[in-house]
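Taking numbering that gives the first Met the number 0, I'd label the letters of the sequence shown as residues 0 to 432.
For reference, the structure discussed in these notes is given below.
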Amino acid sequence: MENASGAIPATVANGAYRFDAERNPISVILLFVSLGIVIVGNGYFKPNISTIVGQLYSDTDRRRDAGFTIFYMGINLGSIFSQILAPWIAVTYGYQWGFALAGFGMLLAAIRFQIAGKTLADYGNRPEGAPNRDWLIVICSLLAVPVIWFLMNNAMVAASGPAAESSGGGVVGYLMAQPLLGKIMFGVYVLAMLGLPIWAIATLPGTDRDKLIVAVVLTFFSVVFWTLFEQAGSSLTLFAERNTDRQIGTYLMPAGQAQSFNPVFIVLMAPLFSLMWNFLGKRKLEPSVPFKFVIALALVGVGFLALVFGAQFHDANFKVALFWLALAYFIHSVGELCLSPVGLSMITKLSPVRMISMMMGVWFLSSAMAQYAGGIVAQFASTETVGGQVLNPEVSLNTSLHVFQLIGYFGLGSAGVLLLLAFFLQKGMHGVK
């Protein structure tokens, strides 16, 4: 339903809106099947490439955290290129070419990995004496694609249905409104967080048991960090759009582009952090993994509180200077460097050898859980809009700042709780640095 100028009106009478576009069922199936293949491939890539990086260092090599920091810089370098090139190509030439660019990049990376694979020696190979289950991996991969298609199709149906409206509010209502995919993910996560410590106590020897329990506890706290950090994709982006002065000279920065602050800061600071961890490690001054997590949680809280402080200097239109949003992203990025690459390193150091890839999967599952938890938090920062436009920018600003202040205090409080546990966790690591 369009007006004379071809634009969609801000308000539409009840029942007057009609959606003329039609989906091609075959195209939808191909889209979901393609995404399923990408998901299966990513499921193999992320845990295993991280495991290979961990195998490059011995158990007593303190350079592991520094190595993972450089590895993490490479990840974010790719993120910068994708955020710059993919949207531009998609808008200018069509989305199919944006997808083609991603596929071409992955193909080049796969070829490069095969050519340079000899330099990895035996790192990443099947453990000696382990049975060859390649056939089982292929079968499970093929079966996973239609399963993922079903789950994604169910998610799309759930998103367009009345479940969210009839399930009530709060955390329980939010979970009940989730599609089957969300419920399965939540169930698997709870099972992993509760089942792994129980299994470790029942089957593993003392040292391995303690280290695995420490890994599970730190993985849980990573969910807290990512829940707060991932407001970048929701409430912080809305804050950038509604209550941030994004004018830079004659250029008006799109609200979504503010998220690029994070990968840029990561790429710039990762080499410095790698050097810093090595410098401190040689002098036996490097903080332990639990204390690095404490720093990360504290910084994510400080970042939000810095934004709350800067918002006091808003202009007459209730817009905050872009500097304060960039400062929040900078502080969050420093916290991310204290947790994310360190967490990947931690998983390879504390997990039993035969469980490293599985624990990597649990680590990434925790990030996915944080996305869901972050959705609950972001709901509290929502404000009334008409046609996508804020009715009262003052109310929007105050609502966001109230939520950001609570998030900031929660981050600091979580850091305090982990600080109390850090001494016990460090003891449970049995000398692993």
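Beta carbons: idealized from backbone N, C-alpha and C, even for Gly.
Note that the structure is predicted; figures quoted are calculated from it, not measured.
For a quick check, are the C-beta atoms of residue i and residue j less than 8 Å apart?
i	j	result
residue 219	residue 192	yes
residue 269	residue 236	no
residue 350	residue 214	yes
residue 344	residue 53	yes
residue 455	residue 122	Beyond the ends of the chain as shown, which are 0 and 432, falls residue 455; an answer cannot be given.
residue 376	residue 230	yes
residue 136	residue 38	no
residue 407	residue 307	yes
residue 348	residue 63	yes
residue 180	residue 141	no
residue 305	residue 321	no
residue 303	residue 410	yes
residue 97	residue 108	no
residue 417	residue 188	no
residue 51	residue 119	yes
residue 66	residue 55	yes
residue 154	residue 178	yes
residue 309	residue 323	yes
residue 336	residue 68	yes
residue 429	residue 210	yes
In this structure, how does DSSP classify residue i when only helix, strand and coil are distinguished?
i	result
residue 315	coil
residue 30	helix
residue 328	helix
residue 390	coil
residue 408	helix
residue 250	strand
residue 94	helix
residue 430	coil
residue 283	coil
residue 57	coil
residue 126	coil
residue 466	Examination of residue 466 is not possible in this model, given that the chain is present from 0 through 432 alone.
residue 203	coil
residue 379	coil
residue 75	helix
residue 365	helix
residue 140	helix
residue 350	coil
residue 295	helix
residue 270	helix
residue 289	helix
Per DSSP, residue i forms a beta bridge with which residues?
i	result
residue 243	319
residue 43	Residue 43 is not bridged to any residue.
Using only alpha-carbon positions, find the residue among the options that is nearest to residue i.
i	options	result
residue 342	29, 111, 291, 30	291
residue 316	400, 413, 243	243
residue 208	407, 354, 373, 187	354
residue 241	58, 396, 63	396
residue 95	61, 415, 30, 372	30
residue 77	127, 418, 259	259
residue 372	113, 313, 194, 221	221
residue 253	127, 87, 40, 223	87
residue 421	109, 212, 130	212
residue 281	418, 182, 432, 370	432
residue 436	366, 55, 216	Any property of residue 436 remains undetermined from this structure, which presents the chain solely from 0 to 432.
residue 413	65, 225, 110, 23	225
residue 36	145, 294, 430	145
Say the cut is 7 Å; is the CB of residue i nearer than that to a heavy atom of the ligand NAP?
i	result
residue 112	Inclusion of the ligand NAP in the displayed structure is not the case, the ligand content being empty and no account of it being possible.
Three or more C-beta pairs closer than 8 Å, one from the stretch 283-297 and one from the stretch 420-428: is that the case here?
With the cut-off at 8 Å, the stretch 283-297 and the stretch 420-428 touch.
Report yes or no: do three or more beta-carbon pairs, one from the stretch 35-52 and one from the stretch 347-367, lie closer than 8 Å?
Counting Cβ pairs under 8 Å, three or more are found: they touch.
Check whether the stretch 291-307 touches the stretch 249-268, taking contact to mean three or more Cβ pairs, one atom from each stretch, closer than 8 Å.
Fewer than three beta-carbon pairs drawn from the stretch 291-307 and the stretch 249-268 are found closer than 8 Å, and the two stretches are therefore not classed as touching.
Are the stretch 272-279 and the stretch 74-83 touching, with three or more C-beta to C-beta distances below 8 Å?
Contact annotation: the stretch 272-279 does not touch the stretch 74-83, with fewer than three C-beta pairs closer than 8 Å.
Please confirm if the stretch 401-415 is in contact with the stretch 365-382, defined as three or more CB-CB distances below 8 Å between the two stretches.
With the cut-off at 8 Å, the stretch 401-415 and the stretch 365-382 touch.
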